[in-house]
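**Student:** Before we start, here is the structure in question, set down as structure tokens.
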Amino acid sequence: MKRLYLTLAAVMVSVPAFAMDVPSSSRFDNRIQYVNYNAGDVVLVRALPGLGVRIVFAPGENIVDVGTGFLQGWEFRKSGNILFLKPKSIKTGGNDGQVMAPEAGKWNTNLMVTTDQRLYDFDLQLLPGSNDGAPARNQRVAYRVEFRYPADEARAKARQADKKAAEARLAAKPAPMNWHYSMQVGKDSEAIAPSMAYDDGRFTYLRFPNNRDFPTVFLVAGDKSESIVNANVDPSAPDILVVHRVAREMVLRLGSAVVGIYNDSYNMDGVPTNTGTTVPGVERVIKSGEVK
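All residue numbers for the sequence shown refer to my numbering, where the first residue is 128 and numbers rise by one.
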């Protein structure tokens, strides 16, 4: 008797398991059904003779190929991300023109759908009866099976959250690293003298209050030659001019007005910019076509 028990146990363990996704029904109508996409699951689709079913995939997804084990007994039409299917009668052969109408059980088969993004597998089941309008009888039937993609939605939300966090960090004021600046104001040049100057190790920030005109910024080289430096107005602080350099000496010019700006704690090496930015947690990535 013990040997028999062991044999039965071994047989039971060796039986393969079949997992099938049964779509959940809409709370408004049982015939509208939803299922979460899982590449490792087979999805059950139930139909009735004389009724069609729509299978709706992700927006932007396009059906490439449709295959089934009983092509004669099912009609398929594809349009973008929507597949229409319907059981159909088959010819029985001979010259009498007889046909066999779809019959529950005998029309059951599998369906394989390939899109430009995913693979899908289905079990098609034909239930007995017809569209007689009896909800209790037809409640398992699908008019529409629509896929949902929680894993993709979670990844999209995570990407959006990362983007918002990066935007928030970029919008934050830069952390000043050096306030040790002095200046020499030329005759009648007070209008272009900044009220504040500091740098973050990569850019220099100059404040010009009271809606004053911004001067042009020149970099002064060791031989005292001058070259224009790129600069922009800080969108979040329109009285701040962001100079795209940290230098030992710069000159501000506007018409005949001139002001010398001196970095009294100049660090030739600046700060490491392995990420392409001085904002913590943000890395600059060069995209195709972007000038470094």
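Ideal Cβ positions, reconstructed from N, Cα and C, are used throughout, including at glycine. Just so we're clear, the structure is a prediction, and the values are computed from it rather than from any experiment.
Would you call the region 153 to 167 and the region 223 to 238 in contact, with 3 or more CB pairs under 8 Å?
**Tutor:** No: the two stretches stay apart, fewer than three of their Cβ pairs being nearer than 8 Å.
**Student:** Around the Cβ of I319, are there at least 16 other Cβ atoms within 10 angstroms (buried) or fewer (exposed)?
**Tutor:** buried
**Student:** Could you tell me whether the region 306 to 318 touches the region 358 to 369, where touching means 3 or more Cβ pairs closer than 8 Å?
**Tutor:** no
**Student:** Specify the secondary structure class of P277 as computed by DSSP and reduced to three states.
**Tutor:** Three-state result, P277: helix.
**Student:** Since V169 and F249 should fall inside the 8 Å C-beta cutoff, what is the C-beta to C-beta distance between them, to a whole number of angstroms?
**Tutor:** 7 Å
**Student:** What are the start and end residues of the beta strand (DSSP E) that includes N390?
**Tutor:** Following the DSSP letters along the chain, one finds N390 inside the beta strand (DSSP E) bounded by residues A384 to N390.
**Student:** Considering only residues of the same chain and omitting the five flanking positions on each side of M323, which have a CB-CB separation below 6 Å?
**Tutor:** R334
**Student:** Could you have a look at Q287 and say whether DSSP puts it in helix, strand or coil?
**Tutor:** helix
**Student:** Quick one: grab the DSSP three-state call for P262.
**Tutor:** The predicted model places P262 with a pLDDT of 46, which falls under 50 and marks its position as unreliable; any figure quoted below should be read in that light. P262 falls in the helix class under three-state DSSP.
**Student:** Secondary structure at A364, three-state DSSP: helix, strand or coil?
**Tutor:** Three-state result, A364: strand.
**Student:** Mapping DSSP to helix, strand and coil, what is Q160?
**Tutor:** strand
**Student:** Are the region 335 to 348 and the region 302 to 311 in contact at 8 Å, needing three or more beta carbon pairs?
**Tutor:** The region 335 to 348, when compared against the region 302 to 311, does not touch it at the 8 Å Cβ threshold.
**Student:** Would you decide whether I413 is buried or exposed? Buried here means 16 or more other CB atoms lie within 10 Å of its CB.
**Tutor:** Low local confidence applies: a pLDDT of 49 at I413 is under 50, so the model's placement there is unreliable, and no value is given.
**Student:** Could you round the C-beta distance between A185 and L246 to whole angstroms and report it? I think they count as a contact, below 8 Å.
**Tutor:** So it is not a contact: roughly 13 Å between Cβ atoms.
**Student:** Short of 7 Å in beta carbon distance, which residues of its chain neighbour G366, apart from the five on each side in sequence? Order them along the chain.
**Tutor:** It should be noted that the sequence gives Asp, not Gly, for residue 366. Excluding the 5 residues flanking it on each side, D366 has same chain C-beta neighbours closer than 7 Å at R334, F335 and P336, in chain order.
**Student:** Return the chain-ordered list of same chain residues with a C-beta closer than 6 Å to the C-beta of E202, the five sequence neighbours on each side being excluded.
**Tutor:** Within the same chain, Cβ atoms closer than 6 Å to the Cβ of E202 are found at K213 and K215, the five residues on either side in sequence being excluded.
**Student:** DSSP three-state label for G200, please.
**Tutor:** helix
**Student:** Where does R286 land, buried or exposed, given buried means 16+ other C-beta within 10 angstroms?
**Tutor:** exposed
**Student:** Taking T195 as the reference, give the member of R375, V183 and Q252 with the closest Cα.
**Tutor:** Q252 is the residue among R375, V183 and Q252 whose C-alpha sits nearest the C-alpha of T195.
**Student:** Give the straight-line distance between the Cα atoms of L198 and F274, rounded to the nearest whole angstrom.
**Tutor:** Our two residues, L198 and F274, have alpha carbons roughly 23 Å apart in a direct line.
**Student:** Who does N359 pair with in a DSSP beta bridge?
**Tutor:** V369
**Student:** Would you mind listing the beta strand (DSSP E) stretches within the region 215 to 259 that are 3+ residues and don't spill past its ends, in chain order?
**Tutor:** 236 to 242 and 246 to 253
**Student:** Can you tell me whether P103 is buried or exposed? The criterion is at least 16 other CB atoms within 10 Å of its CB, across all chains shown.
**Tutor:** Since the first and last residues shown for the chain are 128 and 419, residue 103 lies out of range.
**Student:** Have a look at K284, D243 and V386 and flag the residue whose alpha-carbon is nearest the alpha-carbon of V191.
**Tutor:** Relative to the Cα of V191, the nearest Cα in the group K284, D243 and V386 belongs to D243.
**Student:** When the Cα atoms are used, what is the spatial distance from A231 to V193?
**Tutor:** 22 Å
**Student:** Nearest by alpha-carbon distance to P321: which of R204, L178 and V370 is it?
**Tutor:** V370
**Student:** Is the Cβ of D327 closer than 8 Å to any Cβ of chain B?
**Tutor:** No chain B appears in the structure shown, which is made up of a single protein chain.
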